[in-house]
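Since the structure comes first, as structure tokens, the remarks are kept for the end.
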Amino acid sequence: MNKENADTVANNQATAAAEDNDWLIDEAQPGDGDAVSAAARPSWQILIVDDDVDVHVVTKFALSQASFEGRRLSFLHAYSAEEAMTVLHASPDVAVVLLDVIMETQDAGLHLARQIREELHYKAVRIILRTGQPGQALEHRIITDYDINDFWCKTDLTNRKLFTTVIASLRTYASLREAESEVANLSAALEACVSHGQPVR
74 MNKENADTVA
84 NNQATAAAED
94 NDWLIDEAQP
104 GDGDAVSAAA
114 RPSWQILIVD
124 DDVDVHVVTK
134 FALSQASFEG
144 RRLSFLHAYS
154 AEEAMTVLHA
164 SPDVAVVLLD
174 VIMETQDAGL
184 HLARQIREEL
194 HYKAVRIILR
204 TGQPGQALEH
214 RIITDYDIND
224 FWCKTDLTNR
234 KLFTTVIASL
244 RTYASLREAE
254 SEVANLSAAL
264 EACVSHGQPV
274 R
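Throughout, the numbering used here is defined as the position within the sequence shown, counted from one, plus 73.
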């Protein structure tokens with residue numbers, strides 16, 4: 074499917090899934106008083122990596138009304154592992170990566186997950202793998218061998234489960250970034266004490 078057809082697909086999916094998404098809109102949509110505050114705060118960046126345009130459209134629709142800690146979600150898109158690396162280099166504040174396993178190669182997503190951790194050294198970003206080819210043995214091997222945070226078969230990941238998974242991932246990401254900031258502040262304070270000859274207590 075061409076990217077130009079994404080809007081048409083989005084409209085069709087919106088009609089078909091409206092009832093399924095009623096719960097999400099009721100729970101996650103900010104009220105009028107919160108809308109200005111949410112718009113003024115930086116959004117959580119969600120990177121969707123999948124070679125299927127339909128997956129991008131459906132995922133964005135399912136999460137379009139979601140927010141966490143008063144911040145809305147914004148979406149970045151990559152259709153291959155190579156393209157995803159380019160996006161990640163340019164956007165180091167990506168909080169969650171929704172990552173397909175099979176793209177340009179059978180293990181493109183797995184290789185990208187390893188690159189994110191070992192080459193980019195992005196430790197806080199949450200990586201959620203999604204596959205269209207389920208298998209218990211495959212899931213066990215991937216979770217054991219790769220530094221990922223969740224693994225889903227696409228057919229099992231309903232809108233409700235996707236919402237829950239992403240919000241839980243954002244909560245963990247926020248905690249990790251806060252901890253990183255505290256460590257950086259402590260390191261800076263320690264260096265300042267040492268440089269001024271002050272005792273470290």
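Ideal Cβ positions, reconstructed from N, Cα and C, are used throughout, including at glycine.
Within the same chain, show all residues whose beta-carbon is closer than 8 angstroms to that of residue i, passing over the 5 residues directly before and after it, in chain order.
i	result
residue 187	219, 220
residue 155	177
residue 256	none
Answer yes or no: do residue i and residue j have a C-beta to C-beta separation smaller than 7 angstroms?
i	j	result
residue 172	residue 126	no
residue 168	residue 118	yes
residue 211	residue 141	no
residue 234	residue 205	no
residue 201	residue 229	no
residue 137	residue 116	no
residue 236	residue 139	yes
residue 183	residue 149	no
I'd like the span of the beta strand (DSSP E) that includes residue i, first residue to last.
i	result
residue 145	144–151
residue 121	117–122
residue 200	199–204
residue 170	167–173
Counting along the chain, where does the alpha helix (DSSP H) carrying residue i start and finish?
i	result
residue 163	154–163
residue 132	126–136
residue 185	181–191
Given residue i, which residues of its chain have a CB within under 6 angstroms of its CB, disregarding the five upstream and five downstream residues?
i	result
residue 191	none
residue 195	189
residue 249	197
Within its chain, find whatever has a CB closer than 7 angstroms to the CB of residue i; leave out the 5 residues flanking it on each side and keep chain order.
i	result
residue 104	Low confidence applies to residue 104: its pLDDT is 45, below 50, so where it sits in the model is not reliable enough to give any reading.
Do three or more CB pairs link the segment 155–169 to the segment 124–133 at distances below 8 angstroms? no
Run through the segment 208–242 for me and flag every whole beta strand (DSSP E) of 3 or more residues, listed as ranges in chain order. You should have 223–226.
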